[in-house]
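Number of protein chains: 4
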Amino acid sequence: MAIADDPIADGAPAQRLTRAQRREHFLDVAAALVAEGGFEAVTMESVAARAGVSKGLGYAYFDNRGELLAALFERETGQLDRPATRAADAQETFEGKVRATVGVVFDTVAAKGPLIARLLRAEAEGPINERRTKRQRVIERRWAQLIADEYGVSEPTARASAAIMLASIPRVIELWASGKGSREELTETYTRMCTAAARDLGSAI
Amino acid sequence: MAIADDPIADGAPAQRLTRAQRREHFLDVAAALVAEGGFEAVTMESVAARAGVSKGLGYAYFDNRGELLAALFERETGQLDRPATRAADAQETFEGKVRATVGVVFDTVAAKGPLIARLLRAEAEGPINERRTKRQRVIERRWAQLIADEYGVSEPTARASAAIMLASIPRVIELWASGKGSREELTETYTRMCTAAARDLGSAI
Amino acid sequence: MAIADDPIADGAPAQRLTRAQRREHFLDVAAALVAEGGFEAVTMESVAARAGVSKGLGYAYFDNRGELLAALFERETGQLDRPATRAADAQETFEGKVRATVGVVFDTVAAKGPLIARLLRAEAEGPINERRTKRQRVIERRWAQLIADEYGVSEPTARASAAIMLASIPRVIELWASGKGSREELTETYTRMCTAAARDLGSAI
Amino acid sequence: MAIADDPIADGAPAQRLTRAQRREHFLDVAAALVAEGGFEAVTMESVAARAGVSKGLGYAYFDNRGELLAALFERETGQLDRPATRAADAQETFEGKVRATVGVVFDTVAAKGPLIARLLRAEAEGPINERRTKRQRVIERRWAQLIADEYGVSEPTARASAAIMLASIPRVIELWASGKGSREELTETYTRMCTAAARDLGSAI
DNA sequence: AATGAATGAGGGTTCATTCAT
DNA sequence: CATGAATGAACCCTCATTCAT
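Chains as they are written, first to last, in the numbering used here: chain A, 1105 to 1309; chain B, 1105 to 1309; chain C, 1105 to 1309; chain D, 1105 to 1309.
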């Protein structure tokens, strides 16, 4: 409805963005929508509307809805995983790495809300599921390596235990979100559980 | 479209079943569809088509799609939880109970496929989420009690640790389903992880 | 669900009725449903359910939904029109007849609720519309005759004026139902309007 | 299915109209359908089919079926009421105003068919009923004021009589449409009935 | 690049009606 | 006479996607 030269109309930056900026903006909007209403809330139309652009424009940046969601997944997990890896790398022990990783997860959730939990947990449309599986494999392998190295756990058992530990991280976030424990308590509990389990698995037959 | 070897020819009126039989049949079909394609694959239409009946018939048995899904959830979790509780009750120790529970889970998956893992894990439509949350609360409380009693873990920590342990059961099933370990190995690993964690949490401050 | 020898189960007379009784019962139920929720509320299923019989039974008494509604219309308008005619016949003047007729209408509405208003007014499914038109023609002709005879109004004008007068009777009922006047006031107003109009139309060119 | 002389071929994409044009087109189609078959004949699907567009397009213009019907009601009654008010305002007396109003009604029906009668009369779905009730209240109040002022009729009686008079206008249209009188005769008859009634109600106790 | 009209398929739901038992 | 399982058509509504402008 506005006709001219508002640099940014209506709260929605509807103008003169570079291709990359506009793409990011789409992802920001999609992130907000997932956080508010889950994946179903992300429709090409809702994203366009919230972004203040026309219905068809999304397709100039993403092949289809699946790709938009996949791009969102990549961006958000990247923003979680890079700091997490960095924080873990700064630690010597498995225990330190676990604690550091959980810390970054909490930080991220604090900063961006339930988005990341949803991304990691939900049964979602195809393109996301594939990527999630791939990401999981990578992270599980890393943790398994640490467990095997530090506690002398056999390869396959280390793999399984890493998978089991990682699977409950979203629940830890949920517990926090629903007030079932403080950040510190939950970090402590989770870290102790992981290390105790790893130690035990490495200890005997 | 199929021409041969359908038990029921394509335009012919379906078998006339009793109310209870038809209801079970619908749930069987829904179960198969969830196993294959997740919740989204369950539409009143897809169920009817697969069941070989007309589109509207489902509504004579379930008020709406949500109720169908809810009924499926109730049936399947009931078939898991009743034997699991029975098996756990027959054991004295937390360790025994965990092992027995996992055993029943494996039995169930062996008999009915990975459906149950999906039911327990996925972020799903409203009616299922509510029921899952409720069920979780009940089971978590039970495990928490055991952990607190047997290992002297404080109430809140026991609650959190139970939640964390239970959250990874679907992943255990997945590991098995994808060949990442035998039933015995996975049972052993998971059980040791749980008991080691509980013991550790109870050991000191 | 009950298996034997309740003479009347569940508030619903579900048993041992003669054909005619059962037919009447269906109409009673349909009447109640129209009064509560309009024509749309009358489905073959809702009628059967309320009557405490099985879904298909209605078709043993009425060819189809339209016929059920039509039979209801006939019965109810008959129960209005016969007393109305009798009451009108007992009066000498047009004014008396109008007053008597309106009195019977009020009595009927008082006894049977908004059913009759709905039957007379609503744009309804085909079979009812036809009958209503026919009924209207009959009554309009009668009133027109009276107007012509008593006030010397020409045939066509008498016909038109009768139609115009009769068309507002449902509104009179509505006014009463919504508390916009007492029975007596509304009867008086309506009667005076009709007689004044008739007198005027007969008076000159 | 039609093969010839459709302006638009059967599977071809429809004319691309502006938003306003398409909206009007939808309303035109809906109007035609109401005129032919009443409200029930207006479904989002029937409108789309008649308009030669795809099933879902209507929802880009109206939130749902109710809104479409409501918009139709607003448009049509607006096109009747604005000229009617103007014509009535140009007259000094109640008689003149009644005659002028009826004249505009006839003009409108002549131009657009009996649609308006249906809109004003029928018991319809919620959104229309509300609006009709509101409109009626406004017009009844206006007429009541005139009757009270010019003939000295008491407030409540004036209200009731106005309601009664207005309720028969659709019937006047029907009489005309079914050839039961000329425009002039019906206008004259209706106007005399109204004025005679008002005069009488004002004359005594 | 961007708009926004339009498509078309998919899925939810309701009911009149039929018919095997 | 009665039951109640089943059909099938008609609607409602939403969205991913295309494409003329």
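C-beta atoms are modelled at their ideal positions from N, C-alpha and C, and glycine is treated no differently.
- Going by beta carbons, D/Glu1288 and D/Arg1263 fall outside the 9 Å limit.
- Not one beta carbon of chain C lies nearer than 9 Å to the beta carbon of D/Leu1137.
- Counting along the chain, A/Arg1241 sits inside the alpha helix (DSSP H) bounded by residues Gly1230 to Tyr1255.
- When C-beta distances to chain C are compared with 9 Å, the residues of the segment 1263-1287 of chain D below that value are Arg1263, Ala1264, Ser1265, Ala1267, Ile1268, Met1269, Leu1270, Ala1271, Ser1272, Ile1273, Pro1274, Arg1275, Val1276, Glu1278, Leu1279, Lys1284 and Gly1285, in chain order.
- Only those residues of the segment 1227-1255 of chain C whose C-beta falls short of 7 Å from the nearest C-beta of chain D are listed: Glu1227.
- Listed in chain order, the non-local C-beta contacts of B/Thr1181 below 7 Å within the same chain comprise Leu1223 and Arg1239, local neighbours out to five positions each way being set aside.
- Cβ neighbours of D/Ala1152 within its own chain (closer than 7 Å, five residues either side excluded): Ser1158, Lys1159, Leu1161 and Gly1162.
- If you keep only unbroken beta strand (DSSP E) runs of at least 3 residues inside the segment 1270-1303 of chain B, you get nothing at all.
- The C-beta distance from D/Glu1278 to D/Ala1221 rounds to 6 Å, short enough to fall under 8 Å.
- Judged by DSSP in its simplified three-state form, B/Ala1135 adopts helix.
- Rounded to the nearest whole angstrom, the CA to CA distance from B/Ser1307 to A/Glu1234 is 41 Å.
- Using a 10 angstroms sphere on the CB of C/Thr1295, the tally of other CB atoms reaches 16 or more, which defines it as buried.
- Close CB contacts of A/Arg1303 within its chain, under the 8 Å cut and outside five residues either way in sequence, are with Tyr1255 (chain order).
- With contacts defined as CB atoms closer than 9 Å, D/Leu1131 and D/Ser1150 fail to qualify as a contacting pair.
- Residue state for D/Gly1170 is assigned as helix, using DSSP reduced to three classes.
- Look at the beta carbons and you see the segment 1265-1278 of chain D touching the segment 1268-1275 of chain C: at least three pairs across the two are nearer than 8 Å.
- Around the beta-carbon of D/Arg1126, 16 or more other beta-carbon atoms lie within 10 Å, marking it buried.
- Note on geometry: alpha-carbon atoms of D/Val1257 and C/Asp1211 lie some 27 Å from one another.
- Sixteen is the threshold: when 16 or more other Cβ atoms of the shown chains lie within 10 Å of the Cβ of B/Ala1204, as they do, the residue is buried.
- Taking a 10 Å sphere around the C-beta of B/Leu1184, we find 16 or more other C-beta atoms and assign the residue as buried.
- For the pair C/Glu1128 and C/Ala1155, the Cα-to-Cα distance works out to about 11 Å.
- DSSP places C/Glu1199 within a helical segment (H, G or I) once states are collapsed to three.
- Per DSSP, D/Leu1219 is one residue of the alpha helix (DSSP H) stretching across Leu1219 to Arg1225.
- Assigned with DSSP and collapsed to three states, C/Tyr1163 falls in helix.
- In the three-state DSSP reduction, D/Thr1205 falls in the helix class (H, G or I).
- Chain A places a beta carbon closer than 9 Å to that of B/Glu1144, counting this residue as a contact.
- For B/Ser1258, the secondary structure class from DSSP, reduced to helix, strand or coil, is coil.
- Residue-level contact by beta carbon fails for D/Pro1218 and chain C, as no gap is shorter than 9 Å.
- For D/Glu1149, the uninterrupted alpha helix (DSSP H) run begins and ends at Met1148 to Ala1155, by DSSP.
- Between D/Glu1289 and chain C, the shortest Cβ-Cβ separation is below 9 Å.
- Chain-ordered, the chain A residues with CB closer than 8 Å to the CB of B/Pro1260 read Lys1284, Gly1285 and Glu1289.
- A straight line joining the alpha-carbon of A/Val1202 with that of A/Ala1301 spans about 13 Å.
- Straight-line spacing of the CA atoms in B/Glu1196 and A/Asn1168 works out to 55 Å.
- C/Arg1296 reaches chain D at Ala1301, Asp1304 and Leu1305, counting residues in chain order whose Cβ is nearer than 8 Å.
- The alpha-carbon separation between B/Leu1290 and B/Arg1236 amounts to approximately 24 Å.
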